[in-house]
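First the structure, in the form of structure tokens, and then the observations on it.
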Amino acid sequence: MNIEQQLTEKTAKALQSLYGATSDKIAFEKTSPDFIGDLTLVVFNFLKISKKKPEETATEIGTYLKDNIPEIADFNVVKGFLNIVIADSFWLNYFKIINGKPFIKPVPDNAPTVMVEYSSPNTNKPLHLGHVRNILLGYSVSKILSAAGNKVVKTNVVNDRGIHICKSMLAWQKWGNGETPESSGLKGDHLVGKYYVEFDKHFKSDVKNLKLEGATEEEAEKKAPLMLEAQEMLRKWEANDLEVRNLWNMMNGWVYKGFAESYKTLGVDFDSTYYESNTYLLGKEIIDTGLAKGVFKTRDDKSIYIDLTADGLDEKTLLRSDGTSVYMTQDLGTALQRHHEVKFEKMIYTVGNEQDYHFKVLFLILKKLGYAWADGLYHLSYGMVELPEGKMKSREGTVVDADDLMKIMIDTAAETTKELGKVEGLTDDEANHLYQSIGLGALKYFMLKVDPKKKMLFNPAESIDFNGNTSPFIQFNYVRIQALIRKAKEGWDFENLDVFTHNITLLQKEKELIIKLYNFNTVLQQAANELSPALIANYVYDLAKEFSQYYHETPILKEDQKDLILFRLQLSKTIGIVIKSGMGLLGIEVPERM
2 MNIEQQLTEK TAKALQSLYG ATSDKIAFEK TSPDFIGDLT LVVFNFLKIS
52 KKKPEETATE IGTYLKDNIP EIADFNVVKG FLNIVIADSF WLNYFKIING
102 KPFIKPVPDN APTVMVEYSS PNTNKPLHLG HVRNILLGYS VSKILSAAGN
152 KVVKTNVVND RGIHICKSML AWQKWGNGET PESSGLKGDH LVGKYYVEFD
202 KHFKSDVKNL KLEGATEEEA EKKAPLMLEA QEMLRKWEAN DLEVRNLWNM
252 MNGWVYKGFA ESYKTLGVDF DSTYYESNTY LLGKEIIDTG LAKGVFKTRD
302 DKSIYIDLTA DGLDEKTLLR SDGTSVYMTQ DLGTALQRHH EVKFEKMIYT
352 VGNEQDYHFK VLFLILKKLG YAWADGLYHL SYGMVELPEG KMKSREGTVV
402 DADDLMKIMI DTAAETTKEL GKVEGLTDDE ANHLYQSIGL GALKYFMLKV
452 DPKKKMLFNP AESIDFNGNT SPFIQFNYVR IQALIRKAKE GWDFENLDVF
502 THNITLLQKE KELIIKLYNF NTVLQQAANE LSPALIANYV YDLAKEFSQY
552 YHETPILKED QKDLILFRLQ LSKTIGIVIK SGMGLLGIEV PERM
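Final position of the sequence shown in the working numbering is 595; the numbers increase by one with none missing.
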């Protein structure tokens, strides 16, 4: 039982003993820096049963708790706030238990299964800045959920069919002259993206010419020859035309190879991948089920829809009049297939907030069809990433390419690290690995320290800084701890830092650091519940900042008492373990030297 649970149970008994009644509103919170104490109980909720003033009520409860809980050293009352001071002996005993131990436990065999979808790229362009936030968020949430005791299945769905794919294919067919990734020196996804932009350039020219002939903007876009050719290519694809399918397979193959390289550099992976070309017909079976149950209806033009107006939504078409499926049909089928294959308790879709309405409709339809597991579906809706100059547009080639971004971050990390002299004594390979750890760590941390729900403005210059709320600052303090331990082992007989055999008097900062370690699991659980890596990011930063202050203010190896040196080394080592664990939950590597 942790101290909060113990305090909550004893407070309930205190209320019953003192006032003959209890309350379900007992909640302890971290004591404000303005007060003395570790945990605070607000007693205003109990005044109706105590029938006494706040100060008197708090004093009586505090006295009862101190008399019945040995871990309480003292308490004080400020108006209706009961501030509890936990004894140093409690924190020392806690530290003896955690000293040098891993903070993240293995996933139990009976753990619930959670599926997390992220990335979801189209095969007509390379990954860009928006994908980076999506991927890093989904991957980090997967690691956090696993650390919190869930079996996690990481999944991706690739949008590899449709008119947007045919645009790149048609443009390459017309103007590519047989260009390949090998002949061009471009990654496959970049090459295909080049022709997506090329299509848009020629399409706009078609539209302009038609408008000069008197067509409206809408008419010109519908009648543009290039668009009509792309639509014809899509019809041929759906009819399994051999030439079109071969072209599609070849260009998609280029893209998949390019994506794999980007994922590897970014340090993420998936347990399963679904392809829209395989799943877009899956929902048709669900359509038949919905019609049989009377959940879906048929219009006069033979299209099938569901009427959700009574639920505050709208009529949603699920099958077109020509029998072809829409995105919603595909997502219904994919959800059903995934649950059949994985039997998840929860399924999390990591998708930007522009799709909020889509997922409201998707989840509601599945519930109306009677699938009980639909209650476990959740849309992790996140804010878009914008540039200082505004939104990105793939078809106009104004996106921040993910590969270019990663290279810029690594190059900037190399430049900054060299300037600060943090590569002395490293081989070239070690230095290059360090640059990648720092550069990609800075990128990931910058993306993840912001609440997922918030829109964010990307500014790489702020992320690579060895001071402030950044990954390099955290990484540097981890390296400092490792250097401290290496130095201790070289100059002292401290080979085993895991054995705790001494008693010391805690400094206030040491107590604060142990309390910070004590709170790790609470923050981890909160991050898992809220699906927010930002909570982990800011916890790790606070821990690193507190350690940095401790390191500068407190003698560690220069202390006279060997027991005190050993304790401070053990405390530093354990803080390092938690920093590494926390950064790992963000997908960030911490270097051992710099």
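We put the beta carbon where it would ideally sit given N, CA and C, even for glycine. These numbers were taken from a predicted model, which means no experiment stands behind them.
ask   = Could you give the residue range of the alpha helix (DSSP H) that holds F364?
value = Taken as a continuous stretch (DSSP letters only), the alpha helix (DSSP H) holding F364 covers 357-369.
query = By DSSP, does I580 sit in helix, in strand, or in coil?
reply = Here I580 sits in helix by DSSP.
ask   = Is Q338 closer than 8 Å to V283 when the C-beta atoms are compared?
value = For the record, residue 283 in the displayed sequence is Leu; it is not Val. Less than 8 Å divides the Cβ of L283 from the Cβ of Q338.
key: Span of the alpha helix (DSSP H), counted from its first residue to its last, around H340   = Note, H340: alpha helix (DSSP H), 328-343.
ask   = From I166 to V154, what does the alpha carbon distance come to, in whole angstroms?
value = Distance between the alpha carbons of I166 and V154 is about 28 Å.
message = So for T598, helix, strand or coil by DSSP?
response = The chain is shown only over 2 to 595; residue 598 falls outside these bounds and no answer can be derived.
ask   = Counting only runs that start and end within the segment 11-68, where is the beta strand (DSSP E) found for 3 or more residues in a row?
value = Under the rule that a run must span 3 or more residues, the beta strand (DSSP E) segments found entirely inside the segment 11-68 read 29-31, 40-43.
query = Any idea if E199 is buried or exposed, counting beta-carbon neighbours within 10 angstroms, 16 or more meaning buried?
reply = Buried, since its Cβ has 16 or more Cβ neighbours within 10 Å.
request  = Would you kindly work out how many angstroms separate the C-alpha atoms of T590 and S438, rounded to a whole number?
outcome  = Looking at the sequence provided, one finds Glu at residue 590 rather than Thr. Near 6 Å, if we compare the C-alpha coordinates of S438 and E590.
ask   = Counting pairs of Cβ atoms below 8 Å between the segment 528-545 and the segment 576-591, do you hit three or more?
value = Yes, they touch.
query = Does the Cβ-Cβ distance between W238 and V193 come in under 8 Å?
reply = In this structure, W238 sits away from V193, with a CB-CB distance that is not shorter than 8 Å.
request  = Below 8 Å CB to CB, which residues in the same chain sit around T325 once its five sequence neighbours on both sides are set aside?
outcome  = The residues are E239.
key: Spatial distance of I307 from E277 (CA atoms)   = Each residue's alpha carbon lies about 23 Å from the other.
key: Status (buried if at least 16 other CB within 10 Å, exposed otherwise) for Y358   = Burial call: exposed.
query = Of all the beta strand (DSSP E) runs that stay within the bounds of the segment 257-293, which reach a length of 3 or more residues?
reply = Look at the segment 257-293 and you find these whole runs of beta strand (DSSP E), each 3 residues long or longer: 273-276.
ask   = What did DSSP end up calling S573 once you bin it into helix, strand or coil?
value = Note: S573 maps to helix in three-state DSSP.
Residue(s) in a DSSP beta bridge with M348 = Answer is M116, L378, bridged to M348.
inquiry  = Using a Cβ-Cβ cutoff of less than 6 Å, which residues in the same chain neighbour K368 once the five nearest sequence positions on both sides are dropped?
reply    = Cβ contact annotation for K368 (same chain, cutoff 6 Å, sequence separation greater than five): A375, in chain order.
inquiry  = Between which residues of its own chain and N253 is the CB-CB distance below 7 Å, once the five residues before and five after are set aside?
reply    = Only residues of its own chain outside the window of five on either side were considered, and among them T124, D161 have a CB closer than 7 Å to the CB of N253, listed in chain order.
key: Three-state secondary structure (DSSP) of D75   = Correct three-state label for D75: strand.
request  = State buried or exposed for N530, treating a residue as buried only when at least 16 other CB atoms are found within 10 Å of its CB.
outcome  = Burial call: exposed.
request  = State the start and end residues of the unbroken beta strand (DSSP E) segment that holds F297.
outcome  = No beta strand (DSSP E) holds F297; DSSP gives it neither H nor E.
inquiry  = Using the Cβ count rule (16 or more neighbours within 10 Å means buried), how would you classify G391?
reply    = Bear in mind that the predicted position of G391 carries a pLDDT of just 49, short of 50, making it unreliable; the figure below should be weighed with that in mind. Per the 10 Å Cβ criterion, exposed.
request  = Compute the Euclidean distance between the alpha carbons of E397 and E346, then round it to the nearest angstrom.
outcome  = Confidence in E397 is poor, its pLDDT being 45 and thus under 50, which makes the residue's placement unreliable; the coordinate value appears in the next sentence. For E397 and E346, the distance between alpha carbons rounds to 41 Å.
task = Going by CA-CA distance only, name the one from V108, N478, I566 that's closest to A149.
result = Ranked by Cα distance from A149, the first of V108, N478, I566 is V108.
key: D207 versus K223, L441, L406, residue with shortest Cα-Cα distance   = Comparing C-alpha distances from D207 to each of K223, L441, L406 shows the shortest one belongs to K223.
V79 and T351 closer than 8 Å at C-beta = No.
task = Assign K394 to buried or exposed, taking buried as 16 or more other Cβ atoms, counted over all protein chains shown, within 10 Å of its Cβ.
result = Here K394 scores only 45 on pLDDT, less than 50, and its place in the model should not be relied on; the value that follows carries that caveat. K394 is exposed by the Cβ-count criterion.
request  = Please report how far the alpha carbon of K102 lies from the alpha carbon of Y479, in whole angstroms.
outcome  = So the alpha carbons of these two residues sit roughly 16 Å apart.
key: Reduced DSSP secondary structure (H/G/I, E/B, other) of M595   = Three-state DSSP puts M595 in coil, outside helix and strand.
ask   = So which of A112, Y264, Q331, I70 has the shortest CA-CA distance to I287?
value = In this structure, Q331 is the residue among A112, Y264, Q331, I70 with its C-alpha nearest to the C-alpha of I287.
query = Residue ranges of each beta strand (DSSP E) run of no fewer than 3 residues wholly in the segment 127-190, ordered along the chain?
reply = If you keep only unbroken beta strand (DSSP E) runs of at least 3 residues inside the segment 127-190, you get 152-159.
task = Measure from the alpha carbon of S121 to the alpha carbon of each residue in N470, H132, F447, V115, then state which is nearest.
result = That would be H132, whose Cα lies nearest to the Cα of S121.
ask   = Can the beta-carbon of G588 be found closer than 8 Å to that of K106?
value = Result no, Cβ atoms of G588 and K106 do not sit closer than 8 Å.
query = What do you get for K168, buried or exposed, if any count of 16 or more other CB atoms within 10 angstroms of its CB means buried?
reply = It counts as buried.
request  = Starting from the C-beta of D312, find all residues in its chain whose C-beta is less than 8 Å away, skip the five residues before and the five after it, and write them out in chain order.
outcome  = L365.
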